[in-house]
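**Q**
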Amino acid sequence: MLELTVISTLNGVLFGMLLFLMASGLTVIFSMLGVLNFAHASFYMLGAFFGFQISRWFGFWPALVIAPLLAGAIGAGVERFGLRRVHKNGHVAELLFTFGLAFVIEEIVQIIWGKSPVDFRVPPSLDFSAFTIFSTNYPAYKMFMLLVSIAIFAGLLIVLKKTRIGLIVQAALTHPHMVGHLGHNVGRIFMLVFGVGTALAAVAGVIAGPALVTQANMAGLLGPILFVVVVVGGLGSLPGAFVASLLIGLVQTFAVSMNGSLSGAFGPLGPDYASTWLADIWGVTIAQIAPIMPYVLLVLILVFRPMGLLGTRDT
Amino acid sequence: MSAAIELRGVEKSFGNVAIIRDVNLSVAQGERHALIGPNGAGKSTTFNLISGYMAPTSGSVLLRGQVISGLPPYQINRRGLSRSFQVTNVFANMSVWENLRCAVLWATGHRYAFWKNIDNLPEVRDRTAQILADINLTARRDVPAGLLTYAEQRALEIGITIAGGADVILLDEPTAGMSHAETERAVALIRRLTEGRTLLIVEHDMSVVFGLADRISVLVYGQIIASGTPEEIRGNPKVKEAYLGEEAA
Amino acid sequence: MTEITSSAAPPLPATAEKLKFYGLWVTAAVALLLLPKIFGSGGSLTTFSLIGISIIFSLSYNILLGQTGMLSFGHAVYYGLGGFLVIHAINIIGVNKLPIPLPIVPLIGGLTGLLFAVLLGWVSTQRSGTAFAMISLGVAELIASSALILRTFFGGEAGISANRTKLLRMFDWNFGPQIQIYYLVAAWTLIAVIAMYALTRTPLGRMCNAVRDNPERVQFVGYDPHVVRYLAFCFAGFFAGIAGALAAINFEIANSAYLGAVQSGTVLFATYIGGVGFFIGPIVGAIFVTLLSLGLSDLTPVWQLYFGLIFIAVVVFAPGGITGLLMMHRPLLKAGTLARVLPSYLIAFVPTLAMIAGLILSIETIVHYTVNPGDDSHIKAFGVSFDAASPYIWAMAAILLIGGFLVARKTWTWVGHAWDTATSVAREKGIAA
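Protein chains in written order, with numbering that gives the first Met the number 0: chain A, 0 to 314; chain B, 0 to 248; chain C, 0 to 432.
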């Protein structure tokens with residue numbers, strides 16, 4: 000039991016970190032540009048696939064550096080040539096543009112790499128067991144993922160707090176219109192923010208690719224959860240996104256490892272109900288409903304605390 | 000007879016910054032009351048507090064003796080208080096006619112009706128036509144509101160405010176940005192439309208204030224420093240010191 | 000006062016106008032009756048049925064998007080739930096021999112959609128804008144995922160099927176043949192279109208538009224925007240349920256795809272491409288997208304990619320959709336200056352077509368190399384055969400694409416100039432603003 004708790008906590012925190020790698024970029028882009036990038040999870044997917052392809056040709060370590068740069072460059076281009084043109088048509092148009100973009104990126108990935116999962120393997124240098132908890136070997140690669148995430152956060156924190164551009168980003172998080180009035184080249188800043196945000200999502204993709212399945216439906220699976228994180232945390236709140244990422248990461252990981260069900264606790268339903276939809280609910284295990292836990296959380300937050308956990312800005 | 004609007008010990012802070020401090024204000028029914036003060040004094044915030052756009056941090060706002068602080072704007076509006084906006088706030092994609100018609104619908108009791116044809120409601124037609132004629136925009140009836148001239152939009156703004164038949168009207172700088180001639184027309188319009196109603200108006204143009212108001216209150220740094228008839232205000236040394244540095248019309 | 004009002008108010012429709020208005024609906028009904036006589040094949044009838052279903056679904060979506068300003072990514076939930084309940088209803092009616100004929104059954108779908116919209120709508124419509132979009136996505140994912148858990152009701156991956164011919168017969172029709180299904184769909188489409196149009200002419204319909212334009216102002220004329228959005232949401236759910244029911248009847252099956260993200264995305268595409276600013280926009284979009292998806296899939300293996308590219312192009316270049324683009328020309332038509340812009344369109348058309356041809360050539364060639372690299376390189380796309388391995392083809396694709404793009408850019412600025420002159424004339428005549 001303790002072993003399961005410890006492992007699940009580790010995995011949950013890891014998952015939460017990955018989510019925050021993506022959610023942080025999404026939140027900053029939303030706060031600054033006012034648009035919720037529907038295609039954000041697509042850049043995560045691009046990171047995974049670019050990482051796979053580049054590691055095939057040049058090895059994992061070059062891929063770790065090149066793939067996010069490539070994805071970030073594409074992201075910057077999307078902002079410069081696409082989003083900026085659509086901006087004058089309003090927020091709905093911007094959201095729809097990113098929605099169309101997500102769709103097209105998924106199609107292109109499917110065309111190039113196919114619909115089946117690709118064999119993105121953990122690099123041999125990291126393919127060992129880091130330590131053993133009780134009777135389970137905890138893979139070194141997962142520790143690597145954790146380290147990379149923490150390193151990136153530390154870097155982000157330093158950039159935000161100590162550099163000039165970080166100061167501008169902080170200001171734009173709460174007062175986006177003022178940034179332009181202060182004489183900064185808003186266009187270039189937007190491009191930079193979008194590029195860095197999408198590059199962060201791509202990094203998450205590169206390191207998650209070998210651990211999770213790298214497949215063309217990645218974005219579609221993770222995208223909605225990402226939005227739940229951002230809404231639950233509070234739109235526009237970076238600390239909120241952090242808390243929500245960890246929360247959802249832990250909830251989902253723990254749920255998957257639980258085998259309880261109502262029938263397990265209270266006994267099976269009487270024969271009259273055994274073949275009805277009631278039996279489905281009665282017999283479903285927590286592990287089975289793990290995928291929908293984030294959405295249940297979403298609905299609960301909406302009912303009891305609509306502005307999100309730490310939300311400050313309304314849309 | 001209770002006051003039309005009453006503010007008792009109203010305070011409003013944003014975080015640690017107190018914008019409105021301990022404001023006590025009373026506007027009698029049928030009175031035309033002007034709220035003046037330097038920029039940043041908190042006049043628009045006061046309007047927002049009265050009309051329900053924000054809730055006071057402490058203190059209470061009363062409408063005809065009933066507490067309305069904390070109620071959402073639409074409930075306050077249904078009790079007979081209506082406001083205009085400093086930055087023109089109309090339905091830009093709808094025609095002038097349709098703008099006014101929206102403002103009339105609740106007051107004529109049609110609420111959320113989805114079983115009536117809106118073109119077959121004679122009372123709605125008549126009332127909308129009346130307001131349209133009152134604000135002199137009959138010739139521009141079918142023009143989308145976003146395409147009107149600035150002065151026309153301000154007139155429409157006032158029209159929407161009074162269309163619902165509210166008897167307490169709040170006007171937020173209705174003549175801002177208008178030329179002298181336009182201002183004169185606007186004042187005449189306001190005087191005509193608020194006949195018999197209670198008016199609370201925020202203005203910077205002193206000629207408008209002194210020409211229109213029965214009583215004036217002066218708001219400086221979130222506090223009322225003086226309240227009285229125009230003559231009393233004109234002669235008040237505190238007011239002169241804080242605000243009326245230049246000529247008073 | 001009556002004199003003022005009689006001149007100030009817009010004129011009440013004259014008898015001639017009323018006749019024209021009702022005449023339009025009668026003509027539509029007659030056209031729907033006669034359509035199978037002209038295109039009688041089974042394939043055409045199925046296509047028409049699908050178009051009708053899509054029209055109802057898209058119009059219901061536009062109650063949210065175009066009329067009330069609510070962008071939903073999960074509208075298929077109400078469509079799908081309507082479909083599922085109708086399948087179950089048909090099975091129950093058939094087994095118990097209840098006196099409910101098939102033409103009434105779509106109403107059950109509508110009421111299902113309405114019920115779930117009533118249940119989920121209050122929470123969903125609390126926020127507007129981007130938050131509402133995300134909430135709709137989350138709720139849709141919740142329901143779509145639940146569908147795989149509640150296998151008895153939703154039938155798992157395979158779905159649930161029914162036999163529509165077992166119900167009580169009306170005028171001796173068992174609704175087996177497609178022609179009878181066509182008439183069922185056509186009748187319901189007409190009813191739904193009339194009902195949704197009528198909704199736009201009510202106080203609620205007008206206030207929906209007001210909430211779309213300025214929800215803040217709406218509060219200050221006495222309306223609670225949340226209630227307005229909630230009611231719009233319920234109506235949208237009702238009509239989506241009818242569409243889902245007709246789809247279930249047509250295919251005699253309902254599965255989790257009815258509820259899914261793809262279905263929600265498709266109706267969004269159709270409505271937006273048709274144009275959200277006009278009532279007939281979604282009708283145009285539904286016809287366009289249905290025909291396109293049926294036709295494109297025969298012409299190229301990657302039709303969905305083209306679909307997405309068309310959508311992005313509409314969002315970026317023509318946010319008003321097809322009807323928006325057409326209606327843009329109305330002031331020019333009235334002012335008689337339309338003839339000025341037409342030549343510039345023709346000139347711009349050539350390089351644009353070249354650019355698109357280059358793009359298609361490039362895409363199809365790349366597809367060949369990534370999807371079927373082992374196959375023979377002589378492929379056929381859009382009815383044209385070419386050799387994907389030939390360097391001449393690659394060169395031509397590059398020239399068409401890049402050259403076409405550069406020339407097209409130039410010619411479209413000329414179109415802009417022509418528009419400027421034409422609009423100025425219209426403005427002088429007082430027709431455009």
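From the three backbone atoms N, C-alpha and C, an ideal C-beta is built for every residue, glycine too.
Predicted, not measured: the structure shown is a model, and the values here were computed from it.
Count the other C-beta atoms from every protein chain shown that fall within 10 angstroms of the C-beta of A:Asp118, then say buried if there are 16 or more, exposed otherwise.
**A** Per the 10 Å Cβ criterion, exposed.
**Q** With 9 Å as the threshold, decide whether the Cβ of C:Asp212 is near any Cβ in chain B.
**A** yes
**Q** Would A:Glu106 pass as an interface residue toward chain C - the criterion being a Cβ-Cβ separation below 9 Å?
**A** yes
**Q** Taking the alpha helix (DSSP H) that C:Ser53 falls in, what are its first and last residues?
**A** Per DSSP, the unbroken alpha helix (DSSP H) holding C:Ser53 starts and ends at 41 to 61.
**Q** Could you tell me the alpha carbon to alpha carbon distance between B:Val238 and B:Ala225, rounded to whole angstroms?
**A** C-alpha separation (whole angstroms): 7 Å.
**Q** Grab me the residues of B:Val66's own chain with a C-beta within less than 8 Å of its C-beta, minus the 5 sequence neighbours each way, in chain order.
**A** Ser59, Val60
**Q** Would you say the beta carbon of C:Thr201 is closer than 8 Å to some non-hydrogen atom of the ligand HEM?
**A** The model on display carries no ligand, and the ligand HEM is accordingly not part of it.
**Q** Can you list the residues of chain C that B:Ser81 reaches, using a CB-CB cut of under 9 Å?
**A** Phe219, Val220, Gly221
**Q** If you compare alpha carbons, which of C:Leu324, C:Ser53, C:Thr336 is closest to C:Thr265?
**A** C:Ser53
**Q** Quick check: B:Thr249 and B:Leu24, are their CB atoms within less than 9 Å of each other?
**A** Nothing in the structure corresponds to residue 249 of chain B, since chain B is present only between 0 and 248.
**Q** Run through the segment 220 to 272 of chain C for me and flag every whole beta strand (DSSP E) of 3 or more residues, listed as ranges in chain order.
**A** none
**Q** List the residues of chain C that B:Val217 touches, going by C-beta distances under 7 Å, in chain order.
**A** Correct list: empty, because the minimum Cβ distance to chain C is about 26 Å.
**Q** Pick helix, strand or coil for B:Trp105, following the three-state DSSP scheme.
**A** B:Trp105 sits in coil when the DSSP states are folded into three classes, being neither helix nor strand.
**Q** Could you tell me whether the segment 32 to 52 of chain A touches the segment 90 to 107 of chain A, where touching means 3 or more Cβ pairs closer than 8 Å?
**A** yes
**Q** Taking the alpha carbon of C:Ile272 as the reference point, which residue from C:Val261, C:Ala285, C:Ala7, C:Ala260 has its own alpha carbon closest?
**A** Comparing Cα positions, the closest option is C:Ala285.
**Q** Since A:Gln287 meets chain C, which of its residues come closer than 8 Å, beta carbon to beta carbon?
**A** Ile148
**Q** Please state whether the Cβ-Cβ distance between A:Gly186 and A:Arg304 is less than 9 Å.
**A** no
**Q** Taking only beta-carbon atoms, is C:Ala242 less than 9 Å away from chain A?
**A** Closer than 9 Å: no.
**Q** Can you check whether the C-beta of B:Ile189 is within less than 9 Å of a C-beta belonging to chain C?
**A** no
**Q** Does B:Val219 pass the burial test, meaning 16 or more other C-beta atoms within 10 Å, or should it be called exposed?
**A** Looking at its Cβ environment, which holds 16 or more other Cβ atoms inside 10 Å, B:Val219 is buried.
**Q** Determine, using beta carbons only, whether A:Val147 comes closer than 9 Å to chain C.
**A** no
**Q** Which class does C:Pro462 belong to by DSSP, given the choice of helix, strand or coil?
**A** The requested residue 462 of chain C is not part of the displayed model; chain C covers only 0 to 432.
**Q** For A:Asp279, return the contacting residues in chain C, with the cut-off set at a CB-CB distance below 7 Å.
**A** Ile148, Leu149, Arg150, Thr151
**Q** In three-state DSSP terms, what is B:Ile4?
**A** strand
**Q** At least one CB of chain B closer than 9 Å to the CB of C:Pro318: is that the case?
**A** no
**Q** Could you pull the start and end residues of the beta strand (DSSP E) that A:Ala289 belongs to?
**A** Careful: A:Ala289 lies outside any beta strand (DSSP E) and carries neither H nor E.
**Q** With 9 Å set as the bound, which would you pick, yes or no: does the beta-carbon of C:Ile346 sit closer than that to a beta-carbon of chain A?
**A** no
**Q** Assign C:Gly65 to buried or exposed, taking buried as 16 or more other Cβ atoms, counted over all protein chains shown, within 10 Å of its Cβ.
**A** buried
**Q** If you measure from the beta carbon of B:Leu120 to each beta carbon in chain C, is any gap under 9 Å?
**A** Output row for B:Leu120: interface = yes.
**Q** Which residue or residues does DSSP assign as beta-bridge partners of B:Ala17?
**A** B:Ser12
**Q** With a cut-off of 8 Å, do at least 3 Cβ pairs link the segment 153 to 172 of chain B to the segment 81 to 96 of chain B?
**A** yes
**Q** Do B:Thr137 and B:Arg100 have their beta-carbon atoms positioned less than 9 Å apart in this structure?
**A** no
**Q** Determine, using beta carbons only, whether C:Val366 and C:Val301 come nearer to each other than 9 Å.
**A** yes
**Q** Establish whether the CB of A:Tyr294 and some CB of chain C are separated by less than 9 Å.
**A** yes
**Q** Does the distance from the CB of C:Leu345 to the CB of C:Leu337 come in under 9 Å?
**A** no
**Q** Would you say A:Leu309 lies against chain C (beta-carbon separation less than 9 Å)?
**A** no
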